[in-house]
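Just below is one structure, and these are the notes that go with it.
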Amino acid sequence: MPTIVSLTAIPPRFAHLGPVFDALLAQTANIDEIRLYVPKRFRRFPEYDGQAPAVPKGIRVIQPDDDLGPASKVLFAVDEMRGTDCNIIYCDDDISYEPTRFARLIAEAKARPDQCIAADGDHVAGGGKRQMPRAVRAKKDLAYRGRRALQIGSELVTLTRRPRPQMPHMAVSGFVDVARGWGGVLVKPSFFTSDVFDIPQVVWTVDDHWLSGNMARNNVPIWSPAGIPKPQYAGGRDVHALVDATIEGHGRSSASAFCIKYMQDTYGIWL
81 MPTIVSLTAI PPRFAHLGPV FDALLAQTAN IDEIRLYVPK RFRRFPEYDG QAPAVPKGIR
141 VIQPDDDLGP ASKVLFAVDE MRGTDCNIIY CDDDISYEPT RFARLIAEAK ARPDQCIAAD
201 GDHVAGGGKR QMPRAVRAKK DLAYRGRRAL QIGSELVTLT RRPRPQMPHM AVSGFVDVAR
261 GWGGVLVKPS FFTSDVFDIP QVVWTVDDHW LSGNMARNNV PIWSPAGIPK PQYAGGRDVH
321 ALVDATIEGH GRSSASAFCI KYMQDTYGIW L
């Protein structure tokens, strides 16, 4: 089955994409194409002149006319691959993924072909019926804190920055309500209907909830396997981060709550 990797990037981060591309090109999985969707216009960056970023061989830049917000990372690929039985792995533009991550997602998808596979995910609070079993997030136990202390101590002695100890997203495999794009998410075009492109105001800023809610209303479960390590951030993380932005009067937490209530009221999910 073909596998497409899809992501988007904002103009202020173009100069920081090198390590992100290197990590994508180093994936051990059999990937047919890596697509970078860069809209010709950005609602957050009206001064953008439409010039595409420079990319290495193996990365294809596609410039749609419209800006779908952060959901641009996957929805254009979904639209273009409609009617095709393929995997689409979407991810973020500020993460350096370890080489085996996408292969793990693909392996999980082979065992669960009708489910979304997400390396990381969240639960939405509610008393309604949920898919079981539930995924359990990994916690910083004493063993991890010990490794972290050794890392910090080594940095102080050597004056050299060292990577944090690895810690998995999930300690126990299971279902989640919200697939978090930063960890990498595998979907198929059939998981979404055309309604997913009609993104309401405010909601467009929180793609994780919007995309996951649309899968929920289409009865697509989201499976989060245990043991996939949290990835390292790349250099562009702090450059115009959406998580820190206030847009249309809403910060990230407020926008997420707005989207959850919208999905509950409109589609009767996550109740």
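Add 80 to a position in the sequence shown, counting from 1, and you land on the number used in my numbering. Virtual Cβ for every residue (Gly too), placed ideally from N, Cα, C.
Item to check | Whole runs of the alpha helix (DSSP H) within the segment 131 to 162, excluding any shorter than 4 residues | outcome: Every alpha helix (DSSP H) of 4 residues or more that sits fully in the segment 131 to 162 is shown, in chain order, as 155 to 160.
Checklist entry - Where Gly149 and Leu87 are concerned, what is the direct C-alpha to C-alpha distance, given to the nearest angstrom? => result Taking the straight line from one Cα to the other gives about 12 Å.
Checklist entry - Whose C-alpha, out of Ala321, Ile302, Ala337, Gly206, is nearest the C-alpha of Val282? => result Taking only the C-alpha atoms, the option nearest Val282 is Ala337.
Checklist entry - For Leu239 versus Ala259, is the C-beta spacing smaller than 8 Å? => result Contact: no.
Checklist entry - Are Ile168 and Val267 touching if we call contact CB-CB under 8 Å? => result Note that the C-beta distance between Ile168 and Val267 is below 8 Å.
Checklist entry - Is the beta carbon of Ile308 less than 8 Å from the beta carbon of Val256? => result For Ile308 and Val256, no; Cβs fall outside 8 Å.
Next on the checklist: If you reduce the DSSP assignment to three classes, tell me which class His96 lands in.
Outcome noted: Residue state, collapsed to three classes: helix.
Next on the checklist: Below 8 Å on the Cβ atoms is my contact criterion, and I expect Asp112 with Thr83 to pass it. Report the Cβ-Cβ distance as a whole number of Å.
Outcome noted: With 8 Å as the limit, Asp112 and Thr83 qualify as a contact, their Cβ atoms being about 6 Å apart.
Item to check | Which residues DSSP lists as bridging Gly201, in chain order | outcome: For Gly201, which the question treats as bridged, DSSP gives the partners Ala259.
Next on the checklist: With distance defined between alpha-carbon atoms, name the residue in Met295, Gly254, Ala183, Arg332 nearest to Ser270.
Outcome noted: It is Met295 whose Cα lies nearest to the Cα of Ser270.
Next on the checklist: If you reduce the DSSP assignment to three classes, tell me which class Gly233 lands in.
Outcome noted: Annotated three-state conformation of Gly233 is helix, per DSSP.
Item to check | Residue interval of the beta strand (DSSP E) (run including Ala251) | outcome: 250 to 252 is the extent of the beta strand (DSSP E) around Ala251.
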